[in-house]
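This report concerns only the one structure given below.
Residue numbers (our numbering): 114 to 554.
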C-alpha cells in the first residue's frame, strides 16, 4: 500500500498518543500467570497486539475486547505446555511465554522463531538466564525444550549489557520460582517498570533497590487485576519531531514526563521550544536556528535506539555539523540513504574516524572477528529536503520517512505504510487530523 504526502507545511494542532504496544505485549503474556480476569486499559488496537492474542489463544488463554482499547484476559483455560509450531515460529515474543508455562506445567516447548526476513535474532541471553535459574534446557531442530525438575530457584543474573527483552524474560522466568532472584544491569526502560508494577498488582514481590537492579522473591499465587498501559514513547517523540522539522506547533496529550525525559533534554539542547502542562507536552518552532549536537545512543536511561532516526532527521535541519554515535546496534542507519536522496548530507563512518571509541552493546556482534562497525552518522546541516519516492521496509525507521516527507518540499510517495500500522495506532489518521496532506491514489 502506498500514500502520497505534500510536504513543507507547518503541522499544528492537538493529538493524543496511544498506549505502548511494546509494553502491552509483555503484559498480555504476564497475565497468563493468573486464573482470574486481568483487565488492561490503554491497549493500542494494532496488528502486533492481535498477534499476541493469537499466541495466548493457541494454548487456551482467552482475550476479549471490552471496548476500543480495553482488553480482558484470563489464563485459567490454558491446556498445553507446547506452543503450536505454526504460531510459535512466527512470533519472537513466544519465548516470553516460557515463564507462565513453566509455572503451570513445570515444562514448556517453545518453537524456534523463523523470521520472514530470514535474519535470525539470537536469544542467547534467554537461554543463559534459564540455565542460571537451574532450568533444564535442550533443543532440537524445531523447538527449545524447558523443564523444572524441582531444583530451579532464585539466582543471581548479571547481564553483560543491558537488554530490554532479556530483562523481561528474566522477570517472567523467575517471578514464580522459590527463593530470591537478583537481576543486575537490568534494563531501565519505562516498559520494564510497567511489567514490574503490573506483576506486583497480581501478587508478585518485585523491588528495584537501585538503578539497574531488580530483586524478586518468588510467589506461587497470581490474582486478577486492572492496569493501564503506559503511553508510546516513540509516538510522543515522533510528534515532537514533526513539530520541530515542519516549524509547527503540536500539543501532545497522554504524556508522562518520565517517559521522554531524555528526548525532551535533546529538544532543549538543540534550541527547540516546548512546555509541559500536567499530562500534555507542547512542542513548537518558528524560525529559530537549531543547534548541532554530539549525541550518543545508549540503553535507557540514555537516549535510546528507537529515537535515533528522529534525532538524525532533526539534525539535518541544524546549523552545522552533528555527530550521532550508536553504541547499541551496528545496523540502524539504513534510512540515511533515503534521507540523502531527499537532499540530506549524512555520512556513515566508523567511530575511530571521528575520534570516538567504538562501542557495541549488542553482544551478538563480535567486533574482533567482524571489525569496527560504521556506527556514527556525521550530519551536515541545514539542508532542504525534497519530495521523493520512498519505501518503508523496516518498522524501526519507518516513521522517520513519513516525517521527512512532511518536512520536505514537494510531493513524496511512501510505499509500505501498512508496516507502521502494525505497531502505531491510527498514525496516518492522526497526521491527517493535524492537517497533514496525505492521500491514497
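For every residue, glycine included, the Cβ atom is placed at its ideal position computed from N, Cα and C.
{"Asked": "Residue 372 (DSSP reduced to helix, strand or coil)", "Found": "helix"}
{"Asked": "Proximity below 8 Å, CB of residue 191 to CB of residue 207", "Found": "no"}
{"Asked": "Proximal residues to residue 240 (C-beta, below 7 Å), its chain only, five neighbours per side dropped", "Found": "250"}
{"Asked": "Residue range of the unbroken alpha helix (DSSP H) whose run includes residue 424", "Found": "421–428"}
{"Asked": "Supposed close pair residue 337, residue 151 - CB separation, criterion 8 Å", "Found": "5 Å"}
{"Asked": "Under 8 Å between C-beta atoms of residue 363 and residue 128", "Found": "yes"}
{"Asked": "Extent of the continuous beta strand (DSSP E) run through residue 257", "Found": "256–260"}
{"Asked": "Inter-residue Cα distance where the pair is residue 202 and residue 477", "Found": "21 Å"}
{"Asked": "Those runs of the alpha helix (DSSP H) which lie wholly inside the region 297–354 and span at least 4 residues", "Found": "303–314"}
{"Asked": "Among 339, 488, 301, 428, the one whose alpha carbon lies nearest that of residue 313", "Found": "339"}
{"Asked": "Per DSSP, the bridge partner or partners of residue 175", "Found": "187"}
{"Asked": "Which of helix, strand or coil DSSP assigns to residue 433", "Found": "strand"}
{"Asked": "Classification of residue 287 by the beta-carbon crowding that lies within 10 angstroms, buried from 16 upward", "Found": "buried"}
{"Asked": "Three-state secondary structure (DSSP) of residue 250", "Found": "strand"}
{"Asked": "Paired residues, beta bridge with residue 397 - DSSP", "Found": "362, 386"}
{"Asked": "Best match in 119, 222, 342 for proximity to residue 184 [C-alpha to C-alpha]", "Found": "342"}
{"Asked": "Any non-hydrogen atom of the ligand ZN closer than 7 Å to residue 376 Cβ", "Found": "Although the ligand ZN was asked about, the structure shown includes no ligands whatsoever."}
{"Asked": "Residue environment, residue 562, which counts as buried when at least 16 other CB atoms sit within 10 Å", "Found": "Any question about residue 562 goes unanswered here, given that the chain covers just 114 to 554."}
{"Asked": "Selected residue, minimal CA-CA separation from residue 390, among 554, 449, 357, 365", "Found": "365"}
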